[in-house]
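Notes for the one structure printed next.
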Amino acid sequence: MTYTLACKDAGVDCDFVAKGETEEQVLAEGIKHVKEVHGYTDEQVNDPKFLEESKKIIKKT
0 MTYTLACKDA
10 GVDCDFVAKG
20 ETEEQVLAEG
30 IKHVKEVHGY
40 TDEQVNDPKF
50 LEESKKIIKK
60 T
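Using numbering that gives the first Met the number 0, you'd call the opening residue of the sequence shown number 0 and step up by one each time.
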């Protein structure tokens, strides 16, 4: 099973899609992306609400 996490699913106008074998893998890839491309800080990506919302948009494919 593959998991995906897409910026568009978070309402962001961005074509990035993280893909991986586990939810943790795609979440880590997504966090790296939002920090590098969208300018998020460590504080923002470690916020429990951000993590919860990010996990909700991970899809199984």
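Beta carbons are placed, not taken as given, at the ideal position from N, Cα and C, and that holds for glycine.
Report yes if the CB atom of T3 is closer than 8 Å to the CB atom of V36, and no otherwise. As a first step, residue 3 is located in the sequence shown; it is residue number 4 there, counting from the start. As a first step, residue 36 is located in the sequence shown; it is residue number 37 there, counting from the start. Going by C-beta atoms, T3 is not nearer than 8 Å to V36.
Which of the three DSSP states, helix, strand or coil, is assigned to V16? Here residue 16 refers to the residue found at position 17 when the sequence shown is read from its first residue. The answer is strand: DSSP assigns V16 an E or B state.
Quickly, what does DSSP pair L4 with across the bridge? List them, please. On the sequence shown, position 5 is the one that residue 4 refers to. For L4, which the question treats as bridged, DSSP gives the partners A17.
Going straight from the alpha carbon of L50 to that of K58, what length do you get? Position 51 of the sequence shown, counting from 1, holds the residue named residue 50. Position 59 of the sequence shown, counting from 1, holds the residue named residue 58. Approximately 15 Å between the Cα atoms of the pair.
How many Å lie between A17 and G29 at the Cα? Residue numbering aside, residue 17 sits at position 18 when the sequence shown is read from its first letter. Residue numbering aside, residue 29 sits at position 30 when the sequence shown is read from its first letter. Cα to Cα, the separation comes out at about 6 Å.
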